[in-house]
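This report concerns only the one structure given below.
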Amino acid sequence: MKLTKLAIAGALLTGCAFNSYADIDTAQIEQVIENSMARFDVPGMAVAVVENDKVILAKGFGISNLDTGKKVNKDTLFGIASNTKAFTAAALAKLVDEEKISWDDKVIDHLPEFRLYDPYVTRELTIRDLLSHRSGLGLGQGDLMIWPDTDKSIEDILAGLKYLKPASSFRSKYAYNNLMFVTAGEVVARVSGMSWNDYIEKNILQPLHMDNSRAGFSRIPKSNKNWATGHIPMDGKLHPFFVNYLEDFRGAGAIASSVSDMSQWLRTQLAHGTMPNGEQLFSEKQQAQMWHPHITSLASKSAYEAYHQQFRGYGLGWSIEDFHGIKKLGHGGGILGMVSQVTLLPEKNLGIVILSNQQAFSALSAVTYEILEDALDLEDKDWVETLAKKHFEGKQKAYADAKPEAPADYQPQLPNISYTGTLHDDWYGDVVIEELDGKLRIDFTHTKRLKGRLEHYTGNTFIVKWDEKLLEADAYITFDMSTKNRVNKAKMRAVSTAVTDFSFDFRNLTLKAKK
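Counting the sequence shown from 1 gives a position; the working numbering is that position plus 771.
So, in structure tokens, the structure goes:
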């Protein structure tokens, strides 16, 4: 989306919203948004752009729920999912400013019951480590304690952590993990004397006048009906799919917000912690900590070719990389049927937030890159088409590969009764296998949505078909049998890691027969 002198002149003559600080024409941004929504089949999207402490765009587009037809506006609430993580980091930054904690405090000093699998890591893990994905736990490890919508309390979650075997050594690798941010939220609660939800609302959302935002879907007033429902594409159509905006994720992903409210968050971030009312939310010193890479990972060849990425890393609640030689901070957030994206270019005093109610993340990236292209005067590219081509080709391949191949050496199963009983995993809890009407059923007892049937694959391996198809989380389950043809233990894994969300971490379960 490259502006010409004629386009600029036209913007001025027609009185459209045009910002004099850079070549960002909001009329053209809106056209790109509409194009991206149409191309990726996104029902609703809301976008805010902040530049030089001015909100140059804050607007909703499309429909918040296909069943109701209600329009999206700048105040429509969406689940911002993992964009919550920066708020949790900011809450801890405030507590550091108040000298109630330090970034290098040991977690166990604030949560005495905190335990990880390795006693050394338990003793040494700091608040800084919680926020930078370097604990040694793997990608999404343990997420089945909070996803999707479990009945586990914070006490249950903390008690389960010690059973999660690390995927790498402490502080050696970046691996995105939600449970460490859940733990960080509990540190906020213990130090402040109020729940994470209350602290976020009273000490961040309210001072910023993010008046409609809440730290949890259940906290949205019943009178406020202006919130979006997610939509999942399947079988050629979109299916509205309600989830509670990851309320169980707490400090890792529970906030509901709008682009109108989020624009105030962007302004504060770009002003080094100074809120629009002139008061300080957190100090510039603590922002430097949050914006400093604490763990790095290799830049990819594709990212270098696309935007000359030289490095990428993670700070405290923020992803950090370079974008054509400019420091770029941001984060993505994902819920079933709903994704969000925040982008900051501090050197250009530019911030972008996009919220949507469909899970095509590339639709948001296309809009973001078009805006950055103009802001940095980059070579003109059609980002909508470029990313759409990759998105749909990748999706087609992923779904083709998701179909289980016929087993090379098919073996018959044992009688159904041989597989029935209660299995137990130390960090998740009980999983029940039972026979109903001649069919094997599986029940994850802490998770209402994880109920399904077992279809025989070969031998003692079955494919779990969940009752809720929109989860897109079919999984293999393989039973280890005793000499008496009874289950000793079982292992699970997703049929397709390309289609199934990583938070369905069946691979990390060690299910043993409960005696």
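Positions of the beta carbon are idealized from the N, C-alpha and C atoms, including for glycine.
Note that the coordinates shown come from a computational prediction; the quantities given were computed from them, not determined experimentally.
Smallest Cα separation from residue 1230: which of 837, 1250, 1218?
The shortest Cα separation from residue 1230 among 837, 1250, 1218 belongs to 1250.
Taking the alpha carbon of residue 907 as the reference point, which residue from 943, 1189, 1150 has its own alpha carbon closest?
Ranking 943, 1189, 1150 by Cα distance to residue 907 puts 943 first.
Going by C-alpha to C-alpha distance, which of 1138, 1175, 1188 sits closest to residue 797?
If we check each option's Cα against that of residue 797, 1138 comes out closest.
Nearest to residue 940 by alpha carbon, out of 973, 824, 918, 905?
Here the closest residue by C-alpha is 905.
Look up residue 829 in the DSSP assignment and give the residues it is bridged to.
Answer by DSSP bridge pairing, in chain order: 819.
With a threshold of 6 Å on Cβ separation, who are the neighbours of residue 1122 within its own chain once the five nearest residues in sequence on each side are excluded?
Closer than 6 Å at Cβ, skipping near neighbours: 821, 1037, 1041, 1115.
Where DSSP assigns a beta bridge to residue 1067, which residues make up the other side?
The partner list for residue 1067 (beta bridge, DSSP) reads 1084.
Skipping 5 residues on each side, what residues in its chain have a beta carbon closer than 8 Å to that of residue 1136?
The answer, listed in chain order, is 1112, 1154, 1158.
Name the two residues that bound the continuous alpha helix (DSSP H) containing residue 1248.
First-last for residue 1248: 1246-1252, but that is the beta strand (DSSP E), not the alpha helix (DSSP H).
Closer than 7 Å by C-beta to residue 1198: which residues in its own chain qualify, once you throw out the five before and the five after it? Chain order, please.
913, 916, 931, 934, 935, listed in sequence order.
What is the DSSP secondary structure of residue 1266, reduced to helix, strand or coil?
Coil, per DSSP.
Ends of the beta strand (DSSP E) at residue 924?
Counting along the chain, residue 924 falls outside any beta strand (DSSP E), and DSSP gives it neither H nor E.
Classify residue 982 as buried or exposed, calling it buried when 16 or more other Cβ atoms lie within 10 Å of its own Cβ.
Its Cβ having fewer than 16 others within 10 Å, residue 982 is exposed.
Ordered along the chain, which non-local residues of its own chain (more than five positions away) have a Cβ less than 6 Å from that of residue 1279?
Answer for residue 1279: 912, listed in chain order.
Whole angstroms is fine: what's the gap from residue 1057's alpha carbon to residue 856's?
Spanning the two alpha carbons is a distance of roughly 15 Å.
May I ask you to report which of helix, strand or coil DSSP gives residue 1207?
Looking at residue 1207 - three-state DSSP - the assignment turns out to be strand.
Run through the region 1179-1227 for me and flag every whole alpha helix (DSSP H) of 4 or more residues, listed as ranges in chain order.
You should have found no qualifying run.
For residue 1223, I'd like the list of residues in its chain whose CB is within less than 6 Å of its CB, leaving aside the five on either flank, ordered along the chain.
So the qualifying residues of the chain are 1213, 1235, 1236, 1237, 1238.
Just to confirm my understanding: we take residue 785, look at its own chain, exclude 5 residues before and 5 after, and list those with CB closer than 6 Å. What are they?
Low confidence applies here, because residue 785 scores a pLDDT of 29, under 50, leaving its location unreliable; read the following figure in that light. Cβ within range, chain order: n/a, list empty.
Between residue 830 and residue 818, what straight-line distance do the alpha-carbon atoms span, to the nearest angstrom?
Cα-Cα distance, rounded: 6 Å.
Are the Cβ atoms of residue 1070 and residue 1081 separated by less than 8 Å?
It is a contact, given that the beta carbons lie within the stated cut-off.
If I measure Cβ to Cβ from residue 811 and keep anything under 6 Å in the same chain, skipping five residues before and after, which residues do I get?
If we look at residue 811 and ignore the five residues flanking it on each side, its Cβ neighbours are 1131, 1134.
State the CB to CB distance for the pair residue 1200 and residue 1217, rounded to an integer number of angstroms; the pair is presumed to be in contact (CB under 8 Å).
The Cβ separation is near 5 Å, so the contact holds.
Short of 7 Å in beta carbon distance, which residues of its chain neighbour residue 1266, apart from the five on each side in sequence? Order them along the chain.
Here the set comprises 1173, 1175, 1234, 1245, 1246, 1247.
What three-state label does DSSP hand residue 1272 in the structure shown?
Three-state DSSP puts residue 1272 in coil, outside helix and strand.
May I ask you to list the residues that DSSP assigns as paired with residue 1009?
Its beta-bridge partners are 1004.
CA-CA distance, residue 1276 and residue 866?
About 33 Å.
Have a look at the DSSP bridge pairing and note the partners of residue 1092.
Paired residue(s): 1083, 1099.
Can you give me the Cβ contacts of residue 1028 inside the same chain, cut-off strictly under 6 Å, excluding the 5 residues immediately before and after it?
Hits under 6 Å: 851, 984.
So residue 1284 is in the beta strand (DSSP E); what residue range does that whole segment cover?
First-last of the beta strand (DSSP E) with residue 1284: 1282-1284.
What is the rounded straight-line gap between the Cα of residue 1189 and the Cα of residue 1284?
Each residue's Cα considered, the two are about 12 Å apart.
Note down the Cα distance separating residue 884 from residue 960, rounded to an integer number of angstroms.
If I take the Cα positions, the gap works out to 14 Å.
For the region 1023-1049, list the alpha helix (DSSP H) runs that are entirely contained and at least 4 residues long, ordered along the chain.
The region 1023-1049 contains these whole alpha helix (DSSP H) runs: 1030-1041.
Can you find the residues in the same chain that come closer than 7 Å, C-beta to C-beta, to residue 991, ignoring five residues on each side of it along the sequence?
Cβ neighbours of residue 991 beyond the five flanking positions: 848, 985, 998, 1027.
Residue 1055 to residue 1088, Cα distance in whole Å?
Roughly 16 Å between the two C-alpha positions.
Between the C-alpha atoms of residue 875 and residue 881, what's the straight-line distance to the nearest angstrom?
When rounded, the distance between both Cα atoms is 12 Å.
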